[in-house]
Amino acid sequence: MGFFRDKHQYHVLTHDDGSSEALAGGEQAPRASTRWTSRWIWIVLGLAAVSLCSILAWFVFSSFPEGRQYRPGPLKFTKEGTFQIAVFADLHFGENAWDQWGPQQDINTQRIMGGILDAESQRLCVLNGDLITGDNSYFHNSSEYIDRIVKPIVSRGLPFASTYGNHDSAFNLSREQIFDREHRYKESLTANMVSGRNAGVSNYYLEVFPHDGGDIPSLLLWFFDSRGGFYYQERNDEGEQVGQPNWVDQSVVDWFLKTNDELVSKHNKTIPSLAFVHIPTNASAALQTEVGVDRHHEPGINDDYILSPQAQGWCPDGKQSCPYGGQDVPFMQAIASTPGLMALFSGHDHGDTWCYKWEGLVPGMSVKSNGVNLCFSQHSGYGGYGSWERGARQILVREEDLESQIVETWIRLESGKIVGAVTLNSTYGEDTYPATPNTKSHCPTCDYAIISAMPGIEDVPS
1 MGFFRDKHQY HVLTHDDGSS EALAGGEQAP RASTRWTSRW IWIVLGLAAV
51 SLCSILAWFV FSSFPEGRQY RPGPLKFTKE GTFQIAVFAD LHFGENAWDQ
101 WGPQQDINTQ RIMGGILDAE SQRLCVLNGD LITGDNSYFH NSSEYIDRIV
151 KPIVSRGLPF ASTYGNHDSA FNLSREQIFD REHRYKESLT ANMVSGRNAG
201 VSNYYLEVFP HDGGDIPSLL LWFFDSRGGF YYQERNDEGE QVGQPNWVDQ
251 SVVDWFLKTN DELVSKHNKT IPSLAFVHIP TNASAALQTE VGVDRHHEPG
301 INDDYILSPQ AQGWCPDGKQ SCPYGGQDVP FMQAIASTPG LMALFSGHDH
351 GDTWCYKWEG LVPGMSVKSN GVNLCFSQHS GYGGYGSWER GARQILVREE
401 DLESQIVETW IRLESGKIVG AVTLNSTYGE DTYPATPNTK SHCPTCDYAI
451 ISAMPGIEDV PS
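Position one of the sequence shown corresponds to residue 1 (UniProt numbering), numbered consecutively onward.
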């Protein structure tokens, strides 16, 4: 704005310094003629300024790199035949907003997101759950944190799609509020394709089309809501907050299987796909404990041992007093048997960042898999537990590799380094990779000397 303001002032001074008599055609010209001439000059100058702004705006925006300017429309592979996704998980905005360090965590998380987005060439950002620490939220402003979360994304003209995590449902925060707030932005692709209280909200799929404009998608992206947390503004007869089940519901599994079959029939082919869910399934826990994660075959941090899967803390009868209730078995069966599904990406366990090929029957499991890869993300936000270096998982799919179901993935850290780069192919799990260093990072502007309890509850709408 400074440039245009200075230019405007220059023209005003030049006009004022110039003789109005000369502009009017002589010293004896009538005042009315001078006044009308001045008006015409101002009109011409105004039109010139508008034209200049338009030309400069066109020049600036047309010079953005491909993928940095979002245009509403279908997702597509690049002309080079690639499609890259940046996955931010466990951002945990809004934590301890009443202490000095709470807002500072969010500011530093925004900085990290921006740096990673500038370093990579993503076509889509996925927010894979626990966007907000809902436990710390107040009724009047809990969903407003979405504006801060998506700012680094939408300011770069990128589309985004979300799954919601257990911390995105709390007494003062609902998934529906987050969903509605997201959709103030044209860049939001998050959808709700399964109705019902038990389904959650973020269950949907997106299609990624070839660059040449074909009408058959090259890739499908599935998003599942693993729920968890607490129901919004609900208490039981004892006055306790009401817990929400923490697994992908049967109604969602039925929708997924039916919709996938319909897509296969519609296109007369199996479309390769990727999937996203916040809480991992018990299959990841079984692979971790019964088989073991090898630091060179499945590189990544493995500090959350034993990890926390879906259905943890629930009993088969619905009571919340068991280590694991098995309610995620239908979802595991669907994931394990779906042709073309190359990988499922989760978050939730901040201290786990590995990928594992789930093949065959794992000891202690009743579900046999056809080889889908189960991957964790990197803890992306300064909110939430743990001091592992923040970062974001990157996923790169090449059209030429889809028939062979090959996916490249790595983690871009806050420091700018790349770790855990692997190729999810037929030999993943046998191939050897460098071990992932277990680095830490700390919020540089956060003073944790004072950690205070939430002042007030404000849990009743006024």
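C-beta: ideal position from N, C-alpha, C; glycine also.
Here the structure is a predicted model, which is why all the values come from computation and not from measurement.
Measure the C-alpha to C-alpha separation of residue i and residue j and round it to an integer number of angstroms.
i	j	result
E399	F276	20 Å
A89	S265	34 Å
I149	L131	8 Å
V12	N166	Residue confidence is low: V12 scores 31 on pLDDT, short of 50, so the model does not pin down where it sits. No coordinate-derived value is stated.
V201	G213	30 Å
G67	Q122	Residue placement at G67 is flagged as unreliable, the pLDDT there being 36, under the threshold of 50; a coordinate-derived value is accordingly withheld.
A435	S346	21 Å
S54	V154	With a pLDDT of only 43 at S54, under 50, the local geometry of the prediction cannot be trusted, and no value is derived from it.
Q288	I335	18 Å
F171	S441	31 Å
T78	F209	10 Å
V422	Y433	7 Å
Could you tell me the boundaries of the beta strand (DSSP E) in which residue i lies?
i	result
A275	S273 to V277
F77	From DSSP, F77 is part of no beta strand (DSSP E); its letter is neither H nor E.
V248	Unbroken run through V248: none, as it is neither H nor E.
K368	K368 to F376
I411	V407 to L413
Could you pull the start and end residues of the alpha helix (DSSP H) that residue i belongs to?
i	result
W101	W101 to A119
Q333	V329 to S337
V291	Neither: V291 is in no alpha helix (DSSP H) and is coded neither H nor E.
I216	From DSSP, I216 is part of no alpha helix (DSSP H); its letter is neither H nor E.
I146	Y145 to V154
I178	R175 to E182
Look at the Cβ atom of residue i, then the Cβ atom of residue j, and state whether they are nearer than 8 Å.
i	j	result
G229	S169	yes
P280	G420	no
I395	G340	no
Q110	P152	yes
V329	V362	no
T133	G383	yes
Q333	W247	no
G391	I411	yes
E430	H296	no
L189	E207	no
A283	M365	yes
H348	G129	yes
Would you please state the rounded distance, in angstroms, between the beta carbons of residue i and residue j? I believe it to be under 8 Å.
i	j	result
P245	Q327	7 Å
S337	N370	6 Å
T259	Y205	7 Å
Out of the options, point me to the one whose CA is closest to residue i's CA.
i	options	result
E234	F93, F139, L424 and C443	F139
D215	M193, L263, D294 and G325	L263
I85	G102, H92, D352 and A119	A119
Y145	E95, K417 and L424	E95
N192	H267, T163 and N268	T163
H267	L307, C446, F376 and P217	P217
F223	Q250, L274, G239 and Q104	L274
D147	K186, A343, N136 and L124	K186
Is residue i close to chain E, meaning its C-beta is less than 8 Å from at least one C-beta of that chain?
i	result
C443	Looking at the structure shown, chain E is missing, and only one protein chain is on hand.
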